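Anchor point for the sequence shown: position 102 equals 101 in numbering that gives the first Met the number 0, and the numbering is continuous, going up by one each time.
Report on the following structure.
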Amino acid sequence: MNPKEEMYLWAKDLWPITRSLTGDGVRETLSYLKQLMPSLKIHNVQSGSRAFDWTVPDEWSISNAYIDDEYGNRIIDFSENNLHVVGYSDQIDLWMTLDELESHLYSLPDQPNAIPYVTTYYAANWGFCLTHKKRKLLKKGKYHVVINSKKKNGVLNYGELIIKGESDKEVFLSTYLCHPSMANDNLSGVVVTMALAKWLNSLEKRKFSYRLIFIPETIGSLAYLSENLQYLKENVVAGYNITCIGDDRCYSFLPSRKGLTISDAAAKHVLENTDKNYKKYKWLDRGSDERQYCAPGVDLPIASIMRSKYGEYAEYHTSLDDLNVITESGLNGGYQAIKRSIEIIENNITPRITVHGEPQLGKRGLYPNLSIKDSTKHVDVRTLMNLISYCDGENTLLEIANIINKPFWELLPLIETLIKHNLVIDEN
């Protein structure tokens with residue numbers, strides 16, 4: 000089965016799991032991923048641990064939750080949709096009036112058929128989420144409100160996969176797995192990252208080592224950085240925060256804070272040669288774990304390639320972000336964009352021609368031996384000659400691709416041929 004089909008099937012399997020920052024849902028998700036990639040290591044961070052300016056919260060679990068009216072009619076049932084309960088809600092079992100209940104209900108008047116995704120990770124509270132259409136049908140009276148949840152001193156779990164290459168220098172790939180029942184904003188990043196892991200693991204040769212992490216958003220990246228910051232700063236040369244990468248509507252790019260890394264350059268080149276209408280965002284539009292990876296004092300070279308960016312599509316953070324939003328082709332497009340970006344990072348040599356003047360390509364079978372009109376206009380020959388003309392030991396292959404306006408992946412087999420014939424060496 001190819002990645003295009005696998006990724007969507009993985010998303011379907013992971014869809015029903017109730018995930019949050021911590022708890023059994025995260026562990027179940029990581030256990031599933033470990034079956035796909037047995038070398039994945041699952042780590043624990045103790046509740047109460049410091050993560051720079053933050054503290055890892057208590058572990059939260061929930062078994063069931065509901066609201067019944069005074070006649071015994073079930074109004075909201077957590078078992079029907081795990082977005083119905085505000086994430087990290089306190090335990091409660093009370094009767095109350097509709098007026099008392101209203102301040103704990105969340106709905107979206109502008110999207111009356113959507114259940115919103117709401118959390119209260121760092122403040123004690125409770126609440127229910129429902130469609131605005133259903134909320135408007137609630138009548139005055141008494142309601143029995145039950146949330147069977149528990150907070151305890153436990154652990155925050157995350158997954159880490161190290162794939163070694165020839166160098167100890169690393170490419171860092173991060174995705175988050177804390178959102179329940181959302182397909183583009185959450186599951187797409189998880190399954191695309193896992194597909195990339197399988198591809199990287201299958202390669203016979205890797206220049207760089209690869210570090211892939213599956214974490215709860217924000218507190219997970221902060222906890223990981225607090226444990227590994229110095230090592231990451233010394234060894235990470237490139238990387239991507241992988242999220243919202245599964246729909247078919249567009250491609251999007253969000254740069255690192257300074258926007259000057261190889262991750263930025265590779266991503267922009269890939270997207271410009273994939274869809275010239277891709278959406279370009281600024282660092283000021285950030286909103287995911289790139290906030291932590293590119294923060295002052297951290298400054299890792301992390302950029303983001305997305306399809307429809309978080310916060311920019313109608314279904315975002317609602318029950319409408321379901322398995323109909325992502326598609327096989329959407330996931331595959333996101334996967335291919337990051338895969339090609341990694342291939343650029345892996346192969347971005349600084350080529351230098353080994354002869355003076357133009358090399359005699361004909362005797363090597365690389366050029367037409369008959370000099371006739373338009374012989375150099377053949378696209379492969381012309382591209383090859385343009386490539387050679389910039390192999391001066393000063394331009395990287397990516398820079399040459401941009402100069403001669405050709406996709407990097409079209410130049411790569413040509414440069415490999417030149418290296419094979421000892422006509423080009425890597426200046427680095």
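C-beta: ideal position from N, C-alpha, C; glycine also.
Just so it is clear, the structure is predicted and the values come from calculations on it, not from any experiment.
query: Is isoleucine 75 closer than 9 Å to lysine 133 when the C-beta atoms are compared?; result: yes
query: Quick check: is the beta carbon of leucine 195 nearer than 9 Å to any beta carbon in chain C?; result: The chain labelled as chain C is not found in the depicted structure, where only one protein chain is given.
query: Quick one: Cα of tyrosine 209 to Cα of valine 145, how far?; result: 45 Å
query: How long is the line joining the alpha carbons of valine 85 and isoleucine 114, rounded to whole angstroms?; result: 11 Å
query: What's the C-alpha gap between lysine 428 and leucine 383?; result: Residue 428 cannot be examined here, being either before or after the span of the chain that is shown, 0 to 427.
query: Looking only at its own chain, which residues have a Cβ that is under 6 Å from the Cβ of serine 48, when we skip the five neighbours before and after it?; result: Val55
query: Start and end of the alpha helix (DSSP H) containing asparagine 240?; result: Here asparagine 240 belongs to no alpha helix (DSSP H); instead the beta strand (DSSP E) covers 235-240.
query: Taking the Cβ atom as the reference point for each residue, do lysine 3 and tryptophan 198 lie within a distance shorter than 9 Å?; result: no
query: Would the region 260-272 and the region 221-231 be scored as touching if the rule is three or more Cβ pairs under 8 Å?; result: no
query: Determine the DSSP secondary structure at lysine 372, reduced to helix, strand or coil.; result: Model confidence at lysine 372 stands at a pLDDT of 38, short of 50, so the residue's coordinates are unreliable; what they give is reported in the following sentence. DSSP places lysine 372 in coil when its eight states are reduced to three.
query: Within 8 Å, do at least three Cβ pairs link the region 188-204 to the region 0-17?; result: yes
query: Let me check understanding here. Comparing Cα to Cα, which of Ile162, Pro215, Pro300, Phe77 lies closest to tyrosine 120?; result: Pro215
query: Can asparagine 152 and glutamine 229 be called in contact, C-beta distance under 9 Å?; result: no
query: Can you name the residues that DSSP bridges to phenylalanine 51?; result: In the DSSP output, where bridge partners are listed per residue, phenylalanine 51 has none listed.
query: Using the three-state DSSP reduction, which class does threonine 28 fall into: helix, strand or coil?; result: helix
query: Using three-state DSSP, classify methionine 384 as helix, strand or coil.; result: helix
query: Look up tryptophan 59 in the DSSP assignment and say whether it is helix, strand or coil.; result: strand
query: Are the beta-carbon atoms belonging to leucine 29 and leucine 176 less than 9 Å from one another?; result: yes
query: Any idea if glutamate 345 is buried or exposed, counting beta-carbon neighbours within 10 angstroms, 16 or more meaning buried?; result: buried
query: DSSP state of asparagine 427, grouped into three classes?; result: coil
query: Assign arginine 381 to buried or exposed, taking buried as 16 or more other Cβ atoms, counted over all protein chains shown, within 10 Å of its Cβ.; result: exposed
query: Is it buried or exposed for lysine 362, if we count other Cβ within 10 angstroms and need 16 for buried?; result: exposed
query: Spatial neighbours of valine 154 within its chain, please: CB distance less than 8 Å, with the 5 preceding and 5 following residues excluded, ordered by chain position.; result: Thr21, Asn43, Val44, Gln45, Ser46, Glu58
query: In terms of residue numbering, what span does the beta strand (DSSP E) encompassing glutamine 45 cover?; result: 40-45
query: Taking 9 Å as the cut-off, decide whether the C-beta atoms of glycine 286 and glycine 310 are in contact.; result: yes
query: What is the DSSP secondary structure of threonine 118, counted as helix, strand or coil?; result: strand
query: For isoleucine 244, which three-state DSSP category applies?; result: coil
query: May I ask you to verify whether the region 275-283 touches the region 230-243, counting CB pairs closer than 8 Å and requiring at least 3?; result: no
query: Helix, strand or coil: how does DSSP classify arginine 351 here?; result: strand
query: Under DSSP, the alpha helix (DSSP H) around arginine 210 begins and ends at which residues?; result: Element bounds for arginine 210: not the alpha helix (DSSP H) but the beta strand (DSSP E), 208-214.
query: Taking 8 Å as the cut-off, does the region 296-315 touch the region 246-255 (at least 3 CB pairs, one atom from each stretch)?; result: yes
query: So, helix, strand or coil for histidine 131, using DSSP?; result: helix
query: Measuring straight from C-alpha to C-alpha, what distance separates glutamate 357 and isoleucine 387?; result: 8 Å
query: Around the Cβ of arginine 18, are there at least 16 other Cβ atoms within 10 angstroms (buried) or fewer (exposed)?; result: buried
query: For tyrosine 277, which residues from the same chain have a beta carbon less than 8 Å from its beta carbon, with the 5 sequence-adjacent residues on both sides left out?; result: Cys249, Tyr250, Ser251, Phe252, Leu270, Glu271
query: Grab the span of the alpha helix (DSSP H) containing methionine 193 for me, first residue to last.; result: 187-201
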